[in-house]
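Right, one structure below, let's go through it.
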Amino acid sequence: RMLRTLCLLLLCGACLAKPFVMHFQQQDEQAHVELAIGDTLELTFFGLLSTGYSWFNLTEPTTLIPTGYLKQEVPPDNFGWNYTAAHAGREKLEFVSKRPWDTAPADTVNITVTVSAESIAST
């Protein structure tokens, strides 16, 4: 019962919190974001499925819980990943744009995520 209650509280908190949204175009980029436990992160990437290029997530995060993935043909947010910050710590996420048969990526995006145990607004 306690686990069920905890899950409901986390879900309710995630529903109330406004997600931190980051959008990336087709270019090499680096970014940094600071979150508090319970915050949500939405990452979107531009790409056209008809070109054969897709965005791939190369990371299995430990401080973030994946909560969704989207792939669609309609720009500008063709590829998207959603996360909820679950544990304090620092995480490096790496995404690449490439065709499945290519060995080297056409574009790379690295995102450093710092998750704080305290609310970001109170620091």
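Count along the sequence shown starting at 1, add 1034, and that's the number in the numbering used here. Glycine included, every Cβ here is placed at the ideal spot set by N, Cα and C. Only a predicted model underlies this, so the values are computations on that prediction, with no experimental measurement involved.
Review point. In the structure shown, what three-state DSSP assignment does C1046 receive?
Key: Any reading at C1046 is ruled out, since the residue's pLDDT is 47, under 50, leaving its predicted position unreliable.
Review point. Roughly how many angstroms lie between the CA atoms of S1131 and I1071, to the nearest whole one?
Key: Roughly 29 Å between the two C-alpha positions.
Practice item. In angstroms with no decimal places, state the Cα-to-Cα distance between L1127 and P1139. Key: Answer to the nearest angstrom: the Cα atoms are 15 Å apart.
Check your understanding: Along the chain, which unbroken stretches of the beta strand (DSSP E) at least 3 residues long are found entirely within the stretch 1050-1116?
Key -> Complete beta strand (DSSP E) runs here, min 3: 1054-1058, 1063-1070, 1074-1079, 1088-1091 and 1098-1105.
Check your understanding: Straight-line CA distance for V1055 to S1150?
Key -> Each residue's CA atom was taken as its position, placing V1055 and S1150 some 18 Å apart.
Review point. With distances taken from CA atoms, which of T1137, G1114 and R1124 is nearest G1081?
Key: Minimum Cα distance to G1081 is reached at G1114.
**Study point:** Same chain, Cβ closer than 6 Å to V1143, five either side skipped, listed in chain order
**Key:** Hits under 6 Å: F1058, E1063 and F1129.
Point to revise | Pairwise C-alpha distance: G1123 and T1086 | key: Thr is not the amino acid found at residue 1086; the sequence shown has Gly there. C-alpha separation (whole angstroms): 35 Å.
Review point. Closest by CA to Y1117, which one among W1135, P1134, E1094 and T1137?
Key: Comparing Cα positions, the closest option is E1094.
Practice item. Could you please give the first and the last residue of the uninterrupted beta strand (DSSP E) stretch that includes E1128? Key: Segment G1123 to K1132, the beta strand (DSSP E) holding E1128.
Practice item. Could you pull the start and end residues of the beta strand (DSSP E) that T1142 belongs to? Key: Run containing T1142: D1141 to S1150, per the beta strand (DSSP E) assignment.
Review point. Of all Cβ atoms in chain C, is any one closer than 7 Å to the Cβ of H1057?
Key: Given the protein chain composition of this structure (a single chain), no chain C is represented.
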